[in-house]
Amino acid sequence: MEYKKNTEIELDITDISNEGEGIGKSDGFPFFVKDALPGDRILASVTKAKKNYAYARLVRIISPSRDRVEACCPIARSCGGCRLQELDYGAQLAFKERKVKNDIIRLGGVPQDILDKAFEGIDGMEVPFRYRNKAQYPFGRDRNGNIIYGFYAGRTHEIKSCDDCLLSSPDDHAILEVIKGWLLSEKLSPYDEKTGRGLLRHVLIRRAFSSGAVMVCLVVNSKELPHRDVLIKRLTGMGKNITSVSYSENTERTNVIMGKNYHTIYGTDTIRDSIGGLSFEISPLSFYQVNPFQTEKLYSHALEFAALKGKETVWDLYCGIGTISLFLASKAGMVCGVEIVPQAIEDAKKNALINHIDKVQFFTGAAETVLPEYYSTVDASTELLHPDVIVVDPPRKGCDEKCLETMVKMQPDRIVYVSCDPATLSRDIKYLRANNYELRRLHIVDMFPQSVHVETVVLLGDKRVDGHINIDLDVEKLESKGGKATYAEIKDYVKEKYGLSVSSLYIAQIKDKVGLDKRLNYNHGTGKTDGRPLVCPPEKEEAIMDAFRHFNLI
3 MEYKKNTEIE LDITDISNEG EGIGKSDGFP FFVKDALPGD RILASVTKAK KNYAYARLVR
63 IISPSRDRVE ACCPIARSCG GCRLQELDYG AQLAFKERKV KNDIIRLGGV PQDILDKAFE
123 GIDGMEVPFR YRNKAQYPFG RDRNGNIIYG FYAGRTHEIK SCDDCLLSSP DDHAILEVIK
183 GWLLSEKLSP YDEKTGRGLL RHVLIRRAFS SGAVMVCLVV NSKELPHRDV LIKRLTGMGK
243 NITSVSYSEN TERTNVIMGK NYHTIYGTDT IRDSIGGLSF EISPLSFYQV NPFQTEKLYS
303 HALEFAALKG KETVWDLYCG IGTISLFLAS KAGMVCGVEI VPQAIEDAKK NALINHIDKV
363 QFFTGAAETV LPEYYSTVDA STELLHPDVI VVDPPRKGCD EKCLETMVKM QPDRIVYVSC
423 DPATLSRDIK YLRANNYELR RLHIVDMFPQ SVHVETVVLL GDKRVDGHIN IDLDVEKLES
483 KGGKATYAEI KDYVKEKYGL SVSSLYIAQI KDKVGLDKRL NYNHGTGKTD GRPLVCPPEK
543 EEAIMDAFRH FNLI
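The numbering of the sequence shown is the working numbering, which starts it at 3 and goes up by one.
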């Protein structure tokens, strides 16, 4: 059957797409319908028909899903943020779990039995509202020329006026009203995307949940902020604990919200928040997880998966302002963080000082650039080139292939991957599985209730090590003629006595050299740098041999 625009059709909705659209089929032909939920029977009208699928709008719900609930927000359907607000929260969690698992199997090529063994659950929220510590509100005009603020409708730049977003603080509305009043009284205009004229583009509001401090940053189409004294007086007179007011200049005809820099016009450049006993300074340009309630859970899983004993070397890629780096440094010997945003690296260094942590180094640049350059310019035996753990928390696009290639060359025992996009996570898991790593553990954290987005943290272990590392167990014992020792015990002995870091690969090489049994499959893949095998340096070989004698292995 040919489906033309405006054709009406009855559909039984059976699933949800990654974008939150209901999926229903007619004679095997799939339809994607916004605002439809699994279990709904609906009347839909075709909006766009393709060769193999079509889009349709919801005309009427014939019989509702048992998981359908009434949305709390009056603009939930038109706003682009809360795609799942009409779906019961338990069903939201089930959808996100299914989404992650399906992507890992379908896109990552992970067998069902391996996924089942790795999967540990999903962490939801007791109260899945009012969790955001950051919101960005576009300003504009409605059809009658009135100044409005709110959120963009889905897949458009049409602003939907919103007095109170139920994901953010109720105090935001009062702050935005003051700014709107300032525009009117000073005869200033909001930005018009069509003409490129007007002053105010967006207002960013950040708040530190631990201290209550509030930051307000205006994104303006100007090099200066006119009538700033009037604005400051009105904002600071509100009694809303506003401790930082700034503006960021963005004069480009672009969809990017923030400019490249900002200028503080009142109070401090940053606000301070804390997670898990650590303090962080946050600027308008800082990447900082938006849900502090769930962030500690997410980072706790990452720290658990890293299985640190106190002396490991760790690389933290895409480290931002150092949140995960500092969590790891509390348990590691040394952590190296990499981030492309210079301001974020400066913030990371400050955060290390604030928390009195000196076991960290930070590098500015893209991970896919920094790692290969660092790898090619230093001696191959340098301990930082063979870390025990690599942690990655990339943007939605996932890891660059050059970054993945270098990670594989560095041959960490464990890779902990934190992801905000299951599809790119799965793609990268597929690459790592093809290069001697296997999925060992997986946990999902619902950082974004009411939306289709979700965070996932996984552990990938070196396939060349028989079995995988559990948090409460050491790696398997090495059996020999006279004694037993774990790989970790040998590493610790060498580090303490000689000040050298040795990899599991080096231990296995020397074990092979003296005729000791290695764990099954350990040597099914030698580490290489540009085609050259990684050979244990003489001084490390001598130290490993001494450890073998110390533990009565030889």
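Virtual Cβ for every residue (Gly too), placed ideally from N, Cα, C.
- Per the DSSP secondary-structure output, P192 pairs in a beta bridge with L202.
- Its Cα nearest to that of N263, the residue C219 stands out among I77, N293, C219, Y55.
- Here Y249 carries a strand assignment [DSSP, helix/strand/coil].
- In terms of CA proximity to H445, V459 leads the group R435, D390, V459.
- Looking at the DSSP output, D318 bridges to G339, V393.
- In this structure, I150 lies away from G156, with their beta-carbon atoms at least 8 Å apart.
- Per DSSP, E541 is one residue of the alpha helix (DSSP H) stretching across 540 to 552.
- Within a 10 Å sphere around the beta-carbon of I277 sit 16 or more other beta-carbons, which makes this residue buried.
- Classified as exposed, V258 has fewer than 16 neighbouring CB atoms from the shown chains inside 10 Å of its CB.
- If one requires a minimum length of 3 residues, the beta strand (DSSP E) runs lying completely within the region 43 to 97 are 43 to 51, 56 to 65, in chain order.
- The beta carbons of V456 and G22 sit no closer together than 8 Å.
- Just so you know, the alpha carbons of G463 and S163 end up roughly 48 Å apart.
- Distance between P396 and K196, taken at the CA atoms: about 33 Å.
- If you check the CB distance, A210 and D275 come in under 8 Å.
- If you check the CB distance, V516 and V504 do not come in under 8 Å.
- In the three-state reduction of the DSSP assignment, K311 falls in the coil class, being assigned neither a helical nor a strand state.
- Taking 3 residues as the shortest admissible run, the region 94 to 155 contains the following complete beta strand (DSSP E) segments, listed from N- to C-terminal end: 121 to 125, 136 to 143, 149 to 154.
- Secondary structure at L555: coil, using DSSP grouped into helix, strand and coil.
- Buried is the label assigned to A545, since at least 16 other Cβ atoms lie within 10 Å of its Cβ.
- If you ignore the 5 residues before and after K352, its C-beta comes within less than 7 Å of the C-beta of E283, all in its own chain and listed in chain order.
- The region 127 to 139 makes no contact with the region 418 to 435; the number of CB pairs closer than 8 Å stays below 3.
- Distance from the CA atom of S285 to the CA atom of G339, rounded to whole angstroms, is 19 Å.
- Beta-bridge partners of H445 (DSSP): V459.
- Using a Cβ distance threshold of 8 Å, M240 and V180 count as a contacting pair.
- L60 sits away from F33, with the two beta carbons spaced by 8 Å or more.
- The continuous alpha helix (DSSP H) containing F329 extends over residues 325 to 331.
- For R236, the closest alpha carbon among the candidates L206, R208, A176 is that of A176.
- Taking C-beta separations shorter than 7 Å and ignoring five residues to either side along the sequence, the partners of T49 in its chain run K7, Y57, A58, R59, following chain order.
- Taken through DSSP and simplified to helix, strand or coil, D174 comes out as helix.
- Straight across, the Cα-Cα distance linking D514 with A368 is about 38 Å.
- For L373, the closest C-alpha among the options A490, C401, A354 is that of C401.
- In the DSSP assignment, I259 falls outside any beta strand (DSSP E), carrying neither H nor E.
- For D17, no alpha helix (DSSP H) run applies; the uninterrupted beta strand (DSSP E) run containing it begins and ends at 10 to 18, by DSSP.
- In the three-state reduction of the DSSP assignment, R208 falls in the strand class.
- For the options A96, D349, E254, the alpha carbon positioned closest to that of Y290 is the one of D349.
- For Y419, the enclosing beta strand (DSSP E) covers residues 416 to 421.
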